[in-house]
Structures are given as structure tokens and as C-alpha cells.
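Note sheet for the following structure.
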Amino acid sequence: MPSLFASYLRVYEPLTAFDRERQVFWREYAREGRDLGLVEGPARQRTAVLEALGAGWTRLPDLPDEAYVLEWDGAVLVCPWNLRLRVAEAALNARDGVPAVLADAFVPPVLAGQAKAVVEDWRSGAKVLEQGVPRVHEQISTWGVPLRWFAFVDLEEREISLASRRRVLRYRTEISKARRRAHRAVSVLRKSLGDAPITEAVEEGTRWLEEFHPRSVVELDYGGLVNLLPEDSLTADDSPGLVAAGLSALSRGDTESATEAYEELVARWRVVQLLERCN
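This is the structure:
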């Protein structure tokens with residue numbers, strides 16, 4: 230299940246990225262103000278998934294289309310939630326690590342089969358061909374931020390607000406900039422580290438970014454993690470800068486400086502990851 234202590238990597242696409250029917254729907258959706266904000270949205274997603282999984286366990290339910298809406302340079306962009314996919318993933322995850330008898334009782338094989346078909350359909354790109362939209366607009370990571378995400382944004386793009394109970398720390402950038410940074414990171418990592426896990430992870434993220442409309446916006450949102458960190462830590466956080474410094478050091482062959490930047494990042498985010506064990 231999605232945790233409220235999670236970070237998010239989202240892509241908002243302009244309405245022109247969708248087919249005509251979807252364009253009409255999302256334009257009306259935005260005009261009526263039906264979207265939830267980034268603070269309320271994750272909780273609503275979690276509730277929708279839990280309610281869907283408790284609905285008889287005989288089929289995957291039809292869920293309403295929801296999205297985050299962003300106005301950027303006078304244009305309306307949307308980040309669809311893909312709730313049906315989220316429910317399918319949750320149903321499959323619920324079977325992981327559970328004895329077969331219990332797994333079948335909790336998630337019957339017929340439901341698991343439907344869930345697997347939905348997930349494979351999206352991963353295979355069938356939805357891209359059928360509807361003209363990528364398989365998923367939002368990636369979620371619980372109890373931390375994947376270090377590779379920081380390679381897609383710049384420290385100067387940070388938006389931070391700690392003045393109220395609704396803390397926010399996020400980065401937003403044009404997808405063209407995110408793609409250039411991603412490709413540069415892959416190039417540096419491949420030359421320096423070869424087929425290392427971090428290289429493959431950044432390559433996967435780069436391929437994901439390439440699926441979207443060229444006028445999209447990328448957002449790295451610390452989400453509920455801002456409630457786990459003190460204000461001074463949030464204000465001083467320079468994780469994208471550390472990643473950029475580490476990549477620059479690698480490109481110069483300065484492995485010592487690159488290692489220092491990496492170790493500082495790992496130590497910083499390990500503190501957050503360890504909180505999961507205390508929960």
C-alpha cells in the first residue's frame with residue numbers, strides 16, 4: 230500500500246498529449262476545480278486503493294479518473310493517478326511473501342490474474358498505442374528519495390514552504406531540462422562505472438522520461454517526508470547539488486570527491502529510512 234511517508238516523481242503533461250476525448254475530460258476536470266492538492270492527494274489515493282481492495286475480491290473495480298493539475302506558463306497540465314493500476318499493483322504485492330493458501334484466500338487467483346493482466350498491459354506499452362498516454366505518470370518511493378531522482382532536477386529549482394502546518398519541499402523543471410541532465414548522468418556513469426546498478430537505474434529513469442510530451446513538467450516532491458525532518462534539515466537540504474557535484478567529480482576522474490558526495494547523500498537519507506523500523 231502507498232505510505233504517507235513517501236516521496237514522488239511526477240510528470241505533468243499538457244492536454245495536447247492526450248486524445249480528444251481525454252482532452253475534453255481533463256479540461257472540464259480542471260475548470261471545475263475537481264482536483265485535489267498535493268497534500269491531500271496521496272491520502273486520497275491510499276484510501277481509494279484500500280477501499281477497492283476490500284470490495285469483495287472478485288474483480289478489479291472501475292475507478293474514477295483523477296489527476297493532479299498544474300498551471301505552467303499559462304497552460305493546463307495534468308498528472309493522472311492511474312488508480313486502476315495502483316489497485317492492481319497493491320493486489321499483487323499483497324500476495325508477495327505469503328504462503329499460497331493464505332495468498333489465495335486473501336487475493337483469489339482470478340483477481341490476481343486480472344491484476345497481473347492490468348500491470349503487464351501497462352508495462353508492455355499497450356496503453357501508449359491505444360490511448361496515446363504513458364503507462365504511469367507518478368513514481369512513488371516510501372521512506373526516502375531514490376538518489377537517482379536528484380539527477381533530474383537542479384538545486385535552483387527548489388520550492389520550499391515551512392510557514393504553516395502544510396510543509397512543502399519540491400523541485401519542478403521542464404522535461405527537456407530533466408532529460409538533458411538524465412542523459413548526461415547516464416553518460417558519466419557509464420564511462421566511469423560501466424554496468425553498475427546505479428547506471429542501470431538512471432538509464433531506466435531516463436527511458437521513462439522519454440515517454441512523455443516534450444512540453445511536460447517534471448516534479449520531485451518530498452511529500453510526507455517533510456513531516457519527518459526538522460526545519461533546519463529541510464532548509465539546508467542540497468541533495469540535487471550533491472548529486473551534481475558527484476557527477477562532475479566522476480567526469481573529471483576525481484573518484485575521491487565523488488565518493489565523499491555519495492557517502493554524504495547515503496548517510497543523510499539513511500536516517501529517514503531507519504525511521505521505518507521505528508514505526
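In our numbering, the protein residues as written are 230 to 508. Here a beta-carbon is modelled for each residue, glycine too, at the ideal position from N, C-alpha and C.
In the DSSP assignment, find the alpha helix (DSSP H) that holds residue i and state where it starts and stops.
i              : result
tryptophan 437 : 426 to 438
proline 250    : Per the sequence shown, the amino acid found at residue 250 is glutamate instead of proline. Looking at the DSSP string, the run of the alpha helix (DSSP H) that includes glutamate 250 is 249 to 260.
alanine 478    : 468 to 481
glutamate 385  : No alpha helix (DSSP H) holds glutamate 385; DSSP gives it neither H nor E.
arginine 409   : 404 to 422
alanine 465    : 460 to 465
Assign residue i to one of three DSSP states: helix, strand, or coil.
i              : result
glutamate 269  : coil
tryptophan 301 : strand
glycine 390    : It is worth fixing the name first, because residue 390 is serine in this sequence and not glycine. It is a strand residue.
serine 445     : coil
valine 397     : strand
aspartate 450  : strand
proline 293    : coil
proline 338    : helix
valine 307     : strand
valine 374     : coil
Could you work out which residue in the options is closest to residue i when comparing CA atoms only?
i                 : options                        : result
glutamate 190     : Val415, Val316, Leu265         : Since the displayed the chain opens at 230 and closes at 508, residue 190 lies outside it and no answer follows.
proline 469       : Ser445, Arg409, Glu386         : Glu386
threonine 371     : Asp264, Arg275, Ser462         : Arg275
tyrosine 491      : Gly482, Leu503, Ala474         : Ala474
tryptophan 378    : Ser390, Glu295, Arg401         : Arg401
serine 390        : Arg273, Pro338, Val455, Pro375 : Val455
alanine 296       : Arg313, Gly303, Asp302         : Arg313
phenylalanine 247 : Leu479, Ala478, Glu440         : Glu440
glutamate 300     : Gly262, Ser405, Arg499, Asp424 : Gly262
leucine 458       : Glu349, Arg409, Gly373, Val472 : Gly373
Could you check where the beta strand (DSSP E) with residue i kicks off and where it finishes?
i             : result
leucine 314   : Leucine 314 -> not in any beta strand (DSSP E); alpha helix (DSSP H) instead, spanning 312 to 322.
arginine 239  : 235 to 243
glutamate 218 : Residue 218 falls outside the range modelled here, since the chain spans only 230 to 508, and no answer is possible.
If we call anything under 8 Å between Cβ atoms a contact, is residue i one with residue j?
i           : j              : result
alanine 235 : glycine 434    : no
leucine 418 : isoleucine 427 : yes
valine 447  : valine 253     : no
leucine 476 : valine 382     : no
valine 278  : asparagine 311 : no
leucine 244 : arginine 256   : yes
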